[in-house]
Amino acid sequence: MDPIELLRWFASGTATLAAIIVALRLRPTLTGVGFVIFTCSSLAWVAAGLLQDEYALLWQNAVLTAINLFGVWRWLLRTE
């Protein structure tokens, strides 16, 4: 399996895992961890898009990275 294919499988797997964690919403900290995993996934998709000249994939996941970072802030870093 080539490195780009491994990157794409990593991105898919982490997105699936993050979706499960966020959907379960067991504890705020775990939800925040889900967003950290989502961020890893979206960054992997950005890299895959860049390496394969898939600019729509790149831009979509650049935006999702920003949204996921907001989720990290909201669930892990924000103090009220």
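Residue numbers (the numbering used here): 5 to 84.
Cβ coordinates follow ideal geometry from the N, Cα and C atoms, glycine included.
None of the values given here were measured: they were computed from a predicted structure.
Do you know offhand how far residue i's Cα is from residue j's?
{"i": "residue 68", "j": "residue 41", "result": "12 Å"}
{"i": "residue 37", "j": "residue 80", "result": "8 Å"}
{"i": "residue 62", "j": "residue 35", "result": "25 Å"}
{"i": "residue 50", "j": "residue 72", "result": "13 Å"}
{"i": "residue 58", "j": "residue 15", "result": "15 Å"}
{"i": "residue 60", "j": "residue 23", "result": "22 Å"}
{"i": "residue 52", "j": "residue 31", "result": "32 Å"}
Comparing C-alpha positions only, which one of the options sits nearest to residue i?
{"i": "residue 39", "options": "26, 64 and 10", "result": "26"}
{"i": "residue 48", "options": "5, 6 and 11", "result": "11"}
{"i": "residue 18", "options": "66, 9, 33 and 45", "result": "45"}
{"i": "residue 82", "options": "8, 13, 54 and 33", "result": "33"}
{"i": "residue 21", "options": "43, 5 and 77", "result": "43"}
Which stretch, first to last residue, makes up the alpha helix (DSSP H) that contains residue i?
{"i": "residue 64", "result": "59-76"}
{"i": "residue 83", "result": "Here residue 83 belongs to no alpha helix (DSSP H), and DSSP marks it neither H nor E."}
Indicate whether residue i and residue j have their beta-carbon atoms separated by less than 8 Å.
{"i": "residue 8", "j": "residue 64", "result": "no"}
Secondary structure at residue i, three-state DSSP: helix, strand or coil?
{"i": "residue 29", "result": "coil"}
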